[in-house]
Amino acid sequence: MSKPPHYFLIKKSIQKNATKSGAGFTLIEITIVLGIIGLLAAIVLANYRGGERQFALLRSTHQLAQDLRRAEEMAISSQKTPLEFGEEVFPRGGYGIYFKIDPGDPKGYRIILFADCDGQGDYDESGTADCAGAESGFGLSRDETIEELTLEEGVVIETLSPSSSELSITFKPPDPEISISGGGNIATITLSLKDAPTIARTVTVNKVGLIDTKK
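So, in structure tokens, the structure goes:
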């Protein structure tokens, strides 16, 4: 049975209006939804990045405390120096870690695990050819580096105390005896995020060998 001509005109009109109405509503809806999704994604990403950077700071702080304990253990156990130090000997001043805020370094800092060959209680970069030679003569030293340590990317040394730009902490057996360059009974190393210096954590070492971390 054929439909009258006006049927098709009415149907076409209804479909046209429905399409216009549907298209207009869908466009607004999609715009709003996309805006909300974009906002939520930006918030989530910012929180994720911020959280990850703070975790990097936390990990670096605990790793630094662990490195200090390693130097302390090397001293307590009277561990001998590596062969590249000329011969295997126990350094006169034990072992320590040297810190420096260094704008000239690509990282902005230096952290060095060292053998205190001459017993001066600080880190030396030049001098005799071996640790035994440094031990045998007053005032003699050598490049005492055992290992250069690094923090996680984006983490830097913000401040040092009691020395403001350089700090050596050494451990000498048997107790161990703690030496802090610059004097004082407590050494403090403050780490922070490079692009957010107010977000910081500290590592402290006192004269009885207690190593602690705190916010």
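In this text, residue positions in the sequence shown follow the working numbering: the first is 2, and each later residue adds one.
Note that beta-carbon positions come from the ideal geometry of N, C-alpha and C, so glycine has one too.
- Where the beta strand (DSSP E) through Leu168 begins and ends: Glu167 to Lys173
- Query: What are the complete beta strand (DSSP E) segments, minimum 3 residues, inside the region 48 to 120?
  - Reply: 96 to 102 and 110 to 116
- Below 7 Å CB to CB, which residues in the same chain sit around Gln55 once its five sequence neighbours on both sides are set aside? Ile200
- Query: In the DSSP assignment, what are the bridge partners of Val156?
  - Reply: Leu194
- Message: Could you compute how far the alpha carbon of Leu192 sits from the alpha carbon of Phe86?
- Response: 31 Å
- Enumerate in chain order the residues of its own chain whose CB-to-CB distance from Arg60 is below 7 Å, with the five nearest sequence positions on each side excluded. Glu153
- Item | Start and end residues, beta strand (DSSP E) containing Asp213 | Ile212 to Lys215
- Query: Which residues does DSSP pair with Ile181 in a beta bridge?
  - Reply: Ile170
- Item | Pairwise C-alpha distance: Ile44 and Ala19 | Annotation note: pLDDT 47 at Ala19 (below 50); position unreliable, no value reported.
- Item | Under 8 Å between C-beta atoms of Ile113 and Tyr96 | no
- Is it true that the CB of Ala188 sits closer than 8 Å to the CB of Thr160? no
- Do Asp103 and Arg111 have their C-beta atoms closer together than 8 Å? yes
- Where does the unbroken beta strand (DSSP E) through Glu148 begin, and where does it stop? Thr146 to Leu150
- Rounded C-beta distance between Leu168 and Gly184? I'm assuming under 8 Å. Contact doesn't hold; Cβ gap of about 11 Å is too wide.
- Within the same chain, show all residues whose beta-carbon is closer than 8 Å to that of Gly210, passing over the 5 residues directly before and after it, in chain order. Glu73, Phe172, Asp176, Pro177 and Ile179
- Query: Any idea what DSSP makes of Val206, helix, strand or coil?
  - Reply: strand
- Query: Short check: CB of Ile170 to CB of Ile181, under 8 Å?
  - Reply: yes
- Item | Through-space distance from Gly39 to Ala66, alpha-carbon basis | 41 Å
- Going by beta carbon distance, what residues of the same chain come within less than 7 Å of Asn207, once the five residues before and after it are set aside? Asn186 and Ile187
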